[in-house]
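A short worksheet on the structure shown next.
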Amino acid sequence: MSQQSSMHFYLTWAKERIDEMDAALASFEVKVGQAKAESKVKTDQLLSDLTKRRDEFQAQLKTQAEAGETAWAGAKTELERQWAGFEAQVKTYFEGAGKQLEQQQATFKDVAAAQSKAWREAADKFREAAGKVAAARTVDVDAALKQMKSDASEAEARLQKLKQAGSESWSVLSAALAESRKAFDQANKAAWDALKGAGPKS
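Start counting the sequence shown at 834; every next residue gets the next number (our numbering).
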């Protein structure tokens, strides 16, 4: 169960990033359709670059999907680098594009929705795996699941508050997403660590 728990953590971590990338790309695709001729070229290029980064991330993930825990630990560093490049390119676009508040808000809402969905899916997967652990671990697993749900609710509430504010810069919005992402990673790891060492019910 220990290696399986770690693999779940890595896969959930990577899936959450891909979901965010897909949400950002979908938001930019809408923007391309609405863009004026002079900004359309710039937005098309951004979309192309971000799609390439997302595809590279997915290819790296697919390569590691059959690997063991040790390989995953090393691959995560490369995936984190690719993720940081994707985030940096989005940030650079928003900082260089002037006041595109409407696009920033649309992208933030889409990415925040992807994060919220990832929290719910991770909790569901964990609940399913928790059903298979030995009864002796039930208290630890229940506590981890309860904490994960609580953390998810808090993160979702913070993101909703920012969605309603509507006038924050991309740096502020991005920092909120990063904070939520970090909390997600910690909750996800803690939950799967609670399953380590527990065997399936006989």
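Each residue gets a CB set at the ideal place from its N, CA and C atoms; glycine is no exception.
Asked: Per-residue burial, V863 [other beta carbons within 10 Å of its own, 16 or more giving buried]; Found: exposed
Asked: C-beta atoms of K950 and D852 nearer than 8 Å; Found: yes
Asked: Cβ contact (3+ pairs, closer than 8 Å) linking the region 1014 to 1028 and the region 971 to 988; Found: yes
Asked: R850 versus A985: straight-line alpha-carbon distance, rounded; Found: 16 Å
Asked: Inter-stretch contact at 8 Å, needing at least 3 Cβ pairs: the region 910 to 922 / the region 883 to 899; Found: yes
Asked: S860 in three-state terms, based on DSSP; Found: helix
Asked: Residue interval of the alpha helix (DSSP H) (run including Q938); Found: L934 to A963
Asked: Rounded distance between the beta-carbons of K1022 and F1068, thought under 8 Å; Found: Coverage of the chain is limited to positions 834 through 1035, which leaves residue 1068 absent and any answer about it impossible.
Asked: Close-in-space but distant-in-sequence residues of the same chain around A939 (CB under 6 Å, 5 per side omitted); Found: S860
Asked: Beta-carbon separation (whole angstroms), W1003 vs K924, contact threshold 8 Å; Found: 6 Å
Asked: Every unbroken alpha helix (DSSP H) within the region 987 to 1030, with a cutoff of 4 residues, ordered by chain; Found: 1003 to 1028
Asked: Residues near D877 by beta carbon distance below 7 Å, same chain, minus five either side; Found: V865
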